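Peer 1: Residue numbers (our numbering): 1 to 260.
Take a look at this one; I'll ask things after.
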């Protein structure tokens, strides 16, 4: 039952080239940076990543992306990552963009053992018709288009069929966790972390604070340990490293208040 590993490097050591990987985080909030850095140091490549976004230049998944280690991304947001856009438009990276709520539900469905579900999101758009560029050719033409989606009516309203997502591994970050893998997420860091953890065959969690079994009240646990196979404890410096994707200063900042 003790799922704690001695280091991030040990925890990701068996992730092979070409693995599918669900990664928690939204922008730079709740991103498992230590595990991503360990995967980068290991040299793993050809990764097929499922994440809301792909980090930013030099941070989060952006580290793997800049090194050419990611082959495919399923996500909903390009964000501030210029290298992501460059690789996509040049045909170096395959990208499946999907509505954010649909992405969340696809991960949840995969974790719950639901193979597919119907949703109204995307009805009447190119998401339904197909033809969205998953991969560009070097000359700018579409090399791999998205397929059309099955449509069905319920109560006189059309819905699209979306497939649940499962992955080989997941990397997530939690505020607190115990040796059994029970996790608590803090505020916005909850984002995609529980969903990513549910969808994977092997989930690896980095935690800011490790506690003993029984210290977490059952009602406080956001993700039960059955979904988590490995736990890594962050150092104080790693736990405190929480960058802001875009910092916006207001007049009040002159009086000591910063809003982001």
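C-beta: ideal position from N, C-alpha, C; glycine also.
None of these values were measured; they are calculated from a predicted model.
Taking the beta strand (DSSP E) that residue 204 belongs to, which residues open and close that run?
Peer 2: 200-211
Peer 1: Could you check what DSSP says for residue 261 in three-state terms: helix, strand or coil?
Peer 2: Outside the shown range of the chain, which is 1 to 260, sits residue 261, and nothing can be said about it.
Peer 1: If you follow the beta strand (DSSP E) that residue 10 is in, where does it begin and where does it stop?
Peer 2: First-last for residue 10: 8-11, but that is the alpha helix (DSSP H), not the beta strand (DSSP E).
Peer 1: Who are residue 177's beta bridge partners in DSSP?
Peer 2: The partner list for residue 177 (beta bridge, DSSP) reads 183, 210.
Peer 1: With DSSP run on the structure shown, which of helix, strand or coil describes residue 14?
Peer 2: coil
Peer 1: Based on the DSSP secondary-structure assignment, which residues constitute the bridge partners of residue 49?
Peer 2: 21, 73
Peer 1: Looking at the strands, I want to know which residues DSSP matches up with residue 161.
Peer 2: 118
Peer 1: Cβ of residue 10 less than 8 Å from any chain C Cβ?
Peer 2: No chain C is part of this structure, which consists of one protein chain only.
Peer 1: Specify the secondary structure class of residue 144 as computed by DSSP and reduced to three states.
Peer 2: Residue 144 falls in the strand class under three-state DSSP.
Peer 1: Closest to residue 55 by CA distance: which of 250, 234, 212, 30 is it?
Peer 2: Ranking 250, 234, 212, 30 by Cα distance to residue 55 puts 30 first.
Peer 1: Report the CB separation of residue 172 from residue 193 in whole angstroms; it is logged as a contact under 8 Å.
Peer 2: 4 Å
Peer 1: Just the Cα atoms here: how many angstroms apart are residue 250 and residue 219?
Peer 2: About 38 Å.
Peer 1: On the premise that residue 11 lies in contact with residue 230, defined as a C-beta separation below 8 Å, what is that separation, rounded to the nearest angstrom?
Peer 2: 5 Å
Peer 1: What's the gap between the Cα of residue 233 and the Cα of residue 96?
Peer 2: 33 Å
Peer 1: Looking at the unbroken alpha helix (DSSP H) that takes in residue 40, where does it start and where does it end?
Peer 2: Residues 33-42.
Peer 1: For residue 167, does the three-state DSSP call read helix, strand or coil?
Peer 2: If DSSP states are grouped into helix, strand and coil, residue 167 belongs with the strands.
Peer 1: In the DSSP assignment, what are the bridge partners of residue 227?
Peer 2: Paired residues: none, contrary to the question.
Peer 1: Taking only three categories from DSSP, how would you classify residue 246?
Peer 2: Of the three classes helix, strand and coil, the one that applies to residue 246 here is coil, per DSSP.
Peer 1: Give the DSSP bridge partners of residue 59, in chain order.
Peer 2: 56
Peer 1: Based on DSSP bridge pairs, tell me the residues matched to residue 95.
Peer 2: 73
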